[in-house]
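Using this note's numbering, read the sequence shown as starting at 12 and increasing by one per residue. Step one of this worksheet: look at the structure below.
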Amino acid sequence: MFFKYLGSLQPRIRQPGFVFLFCLAMAQVAHASQPLVDLAAEPTWIRLGHYEPDSSVSSGWQSAIHSSDFFLHADGRINPRLELEATLAAFAIPPANENEQHAQCRFPARWHWLRSKIGAHAAFAMPVKCNAFNAWTRSGNIESLSVVLASGYLGNPASYYGHTLLKFNFKGDQGQTRLMDISVNYGAIVEKNDGPFTYIAKSLSGGYDGGFSHIQFYFHNHNYGNIELRDLWEYKIDLPANEVDLIVAHA
12 MFFKYLGSLQ PRIRQPGFVF LFCLAMAQVA HASQPLVDLA AEPTWIRLGH YEPDSSVSSG
72 WQSAIHSSDF FLHADGRINP RLELEATLAA FAIPPANENE QHAQCRFPAR WHWLRSKIGA
132 HAAFAMPVKC NAFNAWTRSG NIESLSVVLA SGYLGNPASY YGHTLLKFNF KGDQGQTRLM
192 DISVNYGAIV EKNDGPFTYI AKSLSGGYDG GFSHIQFYFH NHNYGNIELR DLWEYKIDLP
252 ANEVDLIVAH A
């Protein structure tokens, strides 16, 4: 598993799933002004928080993400409305010396979507410059997304049915330079000391956390294509620019 080599991006998510399905589900942006109580029930906000129906909590929702760093309200994991209110309040806080910890930089997708919905809100009166995000996107130069499918590999039980990842295509990248594009991967976070029997038992019973990682595409191209001799199929997704921006920001 590539997570032996890569540090996973927080937050971790318990339920497995394909990266591209998660990202496509994110791509729903509207532009009408709405009350906050309605915004908290919007499908995009629910997906931004990875909320799932749960009748055991009063709000009826609980996030699949179990890292407290992902939420700005103490009850944000089980209450989308409280998390929305805390997000808007955090957006309005003046930045300190280290902007990267500001809510606008920690949650750029929330900023992107909420500003499209209620741009007149006081939370959006003071945009923060997020240097790390700008560097990661090369100052917003990601122009499209691709789903990459690696064919099955019998040398590893976890790869029998293939693997998918999401690739971010930068403006101007052509030929071999496209190998430098960012790829986002999702998979099980396997502990280093897990032997084959532990690995099988946890895999079958859902005992592993899942997580996201990102790295330049040449890493996967080398491992899948050159070492394991697997076919790689790339499918460019036809999405409008604002939906590409939202997915990039959430990643």
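For glycine and all other residues, C-beta sits at the position ideal for the given N, C-alpha and C. None of these values were measured; they are calculated from a predicted model.
Could you check what DSSP says for residue i in three-state terms: helix, strand or coil?
{"i": "L93", "result": "helix"}
{"i": "V139", "result": "coil"}
{"i": "A262", "result": "coil"}
{"i": "A52", "result": "coil"}
{"i": "N204", "result": "coil"}
{"i": "N145", "result": "helix"}
{"i": "Q112", "result": "helix"}
{"i": "N180", "result": "strand"}
{"i": "E153", "result": "It is Ile, not Glu, that sits at residue 153 in the sequence shown. Reduced to three states, the DSSP call for I153 is strand."}
{"i": "Y172", "result": "coil"}
{"i": "I211", "result": "helix"}
{"i": "I263", "result": "The shown model of the chain, from 12 to 262, leaves out residue 263, and the question about it has no answer."}
{"i": "V255", "result": "helix"}
{"i": "Y235", "result": "helix"}
{"i": "P105", "result": "coil"}
{"i": "A75", "result": "coil"}
{"i": "L59", "result": "helix"}
Less than 8 angstroms separating the beta-carbons of residue i and residue j?
{"i": "F181", "j": "E202", "result": "no"}
{"i": "R241", "j": "S157", "result": "no"}
{"i": "L50", "j": "K178", "result": "no"}
{"i": "G173", "j": "L190", "result": "no"}
{"i": "L165", "j": "L95", "result": "no"}
{"i": "P106", "j": "Y62", "result": "no"}
{"i": "A133", "j": "A103", "result": "yes"}
Which residues in the same chain as residue i place their Cβ atom closer than 8 angstroms to its Cβ, once the five residues preceding and following it in sequence are excluded?
{"i": "R65", "result": "Looking at the sequence itself, residue 65 is Asp, so the reference to Arg does not match. Counting only Cβ-Cβ distances below 8 angstroms, and skipping sequence neighbours, we find G71, W72, Q73 and I89."}
{"i": "D184", "result": "M191 and D192"}
{"i": "L250", "result": "A38, S155, L156 and I258"}
{"i": "N142", "result": "N110 and E111"}
{"i": "Y171", "result": "G163, Y164 and L165"}
Taking buried to mean at least 16 other C-beta atoms within 10 Å of its own C-beta, is residue i buried or exposed?
{"i": "G60", "result": "buried"}
{"i": "E109", "result": "exposed"}
{"i": "A41", "result": "Note on A41: pLDDT 37, under 50, position unreliable in the model; no value is reported."}
{"i": "I238", "result": "exposed"}
Looking only at its own chain, which residues have a Cβ that is under 7 angstroms from the Cβ of residue i, when we skip the five neighbours before and after it?
{"i": "L93", "result": "H84, D86 and G87"}
{"i": "R126", "result": "F135"}
Give a yes or no on contact between the segment 203-223 and the segment 240-260, applying the rule of three or more CB pairs nearer than 8 angstroms.
no
Can at least three beta-carbon pairs, one atom from the segment 136-150 and one from the segment 103-120, be found at a separation below 8 angstroms?
yes
Counting beta carbon pairs with one atom in the segment 188-200 and one in the segment 223-237, are three or more of them shorter than 8 angstroms?
yes
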